[in-house]
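**Q**
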Amino acid sequence: MEGKLAARLDELLRSVSPVDEDAARDTQKRWDSLAKPLKSLGLLEKNVAKIAGIHGSSRVDLKKRALVAMCADNGVIEEGVTQTGSEVTAIVAENMAVGSTTVTVMAEAARTDVFPVDIGMATEGCLLEGVPKEEGELLSRTLLPRKVRRGTRNFAKGPAMTREEALRAVLVGIEIAGRLKAQGYDILATGEMGIGNTTTSSAVAAALLSQPVEQMTGKGAGLSDEGLQRKIKVIQEALENLKPDREDPMDILVKVGGYDIAGMTGLFLGGAIYRIPVLIDGFISSVAALLAMNLEPLSRDYMIASHVSKEPAGQLILDELGLKPMLCCEMCLGEGTGAVAALSVLDMGLTVYHRMATFDDMNVEQYQPL
Numbered sequence: 001m002e003g004k005l006a007a008r009l010d011e012l013l014r015s016v017s018p019v020d021e022d023a024a025r026d027t028q029k030r031w032d033s034l035a036k037p038l039k040s041l042g043l044l045e046k047n048v049a050k051i052a053g054i055h056g057s058s059r060v061d062l063k064k065r066a067l068v069a070m071c072a073d074n075g076v077i078e079e080g081v082t083q084t085g086s087e088v089t090a091i092v093a094e095n096m097a098v099g100s101t102t103v104t105v106m107a108e109a110a111r112t113d114v115f116p117v118d119i120g121m122a123t124e125g126c127l128l129e130g131v132p133k134e135e136g137e138l139l140s141r142t143l144l145p146r147k148v149r150r151g152t153r154n155f156a157k158g159p160a161m162t163r164e165e166a167l168r169a170v171l172v173g174i175e176i177a178g179r180l181k182a183q184g185y186d187i188l189a190t191g192e193m194g195i196g197n198t199t200t201s202s203a204v205a206a207a208l209l210s211q212p213v214e215q216m217t218g219k220g221a222g223l224s225d226e227g228l229q230r231k232i233k234v235i236q237e238a239l240e241n242l243k244p245d246r247e248d249p250m251d252i253l254v255k256v257g258g259y260d261i262a263g264m265t266g267l268f269l270g271g272a273i274y275r276i277p278v279l280i281d282g283f284i285s286s287v288a289a290l291l292a293m294n295l296e297p298l299s300r301d302y303m304i305a306s307h308v309s310k311e312p313a314g315q316l317i318l319d320e321l322g323l324k325p326m327l328c329c330e331m332c333l334g335e336g337t338g339a340v341a342a343l344s345v346l347d348m349g350l351t352v353y354h355r356m357a358t359f360d361d362m363n364v365e366q367y368q369p370l
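In this text, residue positions in the sequence shown follow the numbering used here: the first is 1, and each later residue adds one.
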């Protein structure tokens, strides 16, 4: 089965093509014609033009938007690296489905549908058998059953998952991106829920960037100084023992990753495969984006950075991706909150893009580059 899954992923990645640069240029020309100083809306202009290149049209529209929140548990919490247990993952995921978490309240304000996904929670649920098959329409505010396994293994004692499981989880993300594109969604935001996932993200980031664990690891959901040192020690020892291959992103994911990270990696790859922009959320999401870029470099052109996480490595990961965040709010909640907040900012930019008068409309001489 592993061979078939790897072949399927390779086949999908071969379909990725560059964005439409003509559409992006046409969009920037429209921006430059508006009666305001050139390039004065900064990243709003650049990101609207980027979306145009992804969609292949300068008539940019983001009427239908979705947040996909990958929910999974991590066996490494056995090492005391978190304040709470895996039961919290299930509670928050279920509350996402009924609309009573932080991100669902924010999503309602941003007119965004929320799709929580059980890709690897420790609670009961049907295990995914092979690659997901096409079925009915995906429904928002429903916990989508895509469980690869009931949580990863404790990477302090061995690899977090098998390569087959990692491939399945990545393909889940790709599948969901394709299904939502087929349902008419114009943009996807990434989110996650999983106790212990700042530990897995720090481990993956340290392995990918060959950076000291101390530099890549923060307190997550409120660890004490003592708890942070324990977390750093667990990650350091796991990397020394498992020796993930920096040249093989899947090997890093297998050894110290999580199913939520794998699923989001698939979402980013799915954005490039199905030509739909995908918003990076915070630290955990950006680590998945970095994995996706390492698997398929062109996928970066389909990503938009929403904000920079307060976690220590948040800016480092964005720098490695070569992307600039729209927001700097010192957020570190996760769930997709930063990505949803950025959608509201994009809405303002699009309103200006579509509705503002041009220099010609106002009979004013257009600004010229100096």
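In this text, a Cβ means the ideal position worked out from N, Cα and C, and glycines have one as well.
#1: Could you check whether the segment 55–72 touches the segment 257–269, counting it as contact only if at least three pairs of C-beta atoms, one from each stretch, sit closer than 8 Å?
#2: What residue does the beta strand (DSSP E) around P249 start on, and which one ends it?
#3: Buried or exposed: where does S202 fall if 16 or more other Cβ atoms within 10 Å of its Cβ makes it buried?
#4: What span of residues does the beta strand (DSSP E) with L67 cover, start to end?
#5: For G42, does the three-state DSSP call read helix, strand or coil?
#6: Rounded to whole angstroms, what is the Cα-Cα separation between G56 and S299?
#7: Could you compute how far the alpha carbon of E21 sits from the alpha carbon of I54?
#8: With a 10 Å radius around its C-beta and 16 neighbouring C-beta atoms as the bar for buried, classify D281 as buried or exposed.
#9: Evaluate T152 with the Cβ neighbour count: other Cβ atoms within 10 Å of its Cβ, from every protein chain shown; 16 or more gives buried, anything less gives exposed.
#10: Answer yes if the segment 232–251 comes into contact with the segment 340–349, meaning at least three C-beta pairs across the two stretches below 8 Å, and no otherwise.
#11: Under three-state DSSP, which class holds L143?
#12: Taking the alpha-carbon of C328 as reference, which of E320, E311 and V68 has the nearest alpha-carbon?
#13: With a threshold of 9 Å between beta carbons, is H307 in contact with chain C?
#14: If contact is defined by three or more beta carbon pairs under 8 Å, each pair taking one atom from either stretch, is the segment 202–219 in contact with the segment 174–183?
#15: I'd like to confirm the pairing. Which residues does DSSP put opposite P116 in its beta bridges?
#16: Find out if the Cβ-Cβ distance for the pair A272, V16 is shorter than 9 Å.
#17: Using alpha carbons as the reference points, say which of M303, M331, D301 and I304 lies closest to G314.
#18: So, using beta-carbon positions, are V81 and A160 closer together than 9 Å?
#19: Please return the same chain residues whose Cβ sits closer than 6 Å to the Cβ of D118, not counting the five positions on each side in sequence.
#20: Return the bridge partner residues of I280 from the DSSP annotation.
#21: A97 lies in the alpha helix (DSSP H); which residues open and close that run?
#22: Which stretch, first to last residue, makes up the beta strand (DSSP E) that contains I195?
#23: Using alpha carbons as the reference points, say which of K255, K36 and E2 lies closest to M362.
#24: Please list, in chain order, all residues of the same chain as Q368 whose beta carbon is under 6 Å from its beta carbon, the five residues on each side excluded.
#25: DSSP state of T358, grouped into three classes?
#26: Determine whether the beta carbon atoms of G184 and R150 lie at a separation below 9 Å.
#27: Since L279 contacts I187 with CB under 8 Å, what's their CB separation in whole angstroms?
#28: Take L316 and list the residues in its own chain whose beta-carbon comes closer than 8 Å to its own, dropping the five residues that flank it on each side.
#29: Should G266 go down as buried or exposed, given a rule of 16 or more other Cβ atoms within 10 Å for buried?
#30: Can you grab the Cα-Cα spacing for the pair A97 / L333, in whole Å?
#31: Whole angstroms are fine: how far does the CA of R141 sit from the CA of A93?
#32: Counting only runs that start and end within the segment 170–250, where is the alpha helix (DSSP H) found for 4 or more residues in a row?
#33: Residues in the same chain with beta-carbon distance under 8 Å from F359, minus the five sequence neighbours each way, listed in chain order, please.
#34: With 16 as the cutoff for other CB atoms within 10 Å, does G85 come out buried or exposed?
#35: Determine the burial state of T199: buried for a count of at least 16 other Cβ atoms within 10 Å of its Cβ, exposed for fewer.
**A** In short:
#1: yes
#2: P249 -> not in any beta strand (DSSP E); alpha helix (DSSP H) instead, spanning P249 to V256.
#3: buried
#4: R65 to A72
#5: helix
#6: 16 Å
#7: 9 Å
#8: buried
#9: buried
#10: no
#11: coil
#12: E311
#13: This model lacks chain C altogether; it includes just one protein chain.
#14: no
#15: A69
#16: yes
#17: M331
#18: no
#19: C71, G125, L143, P145 and K147
#20: A305
#21: E87 to V98
#22: Run containing I195: none; DSSP gives neither H nor E here.
#23: K36
#24: none
#25: strand
#26: no
#27: 7 Å
#28: A205, L209, Q211, Q215 and M216
#29: buried
#30: 18 Å
#31: 10 Å
#32: 197–209, 213–216 and 225–242
#33: S33, L34, A35, E365, Q366 and Y367
#34: exposed
#35: buried
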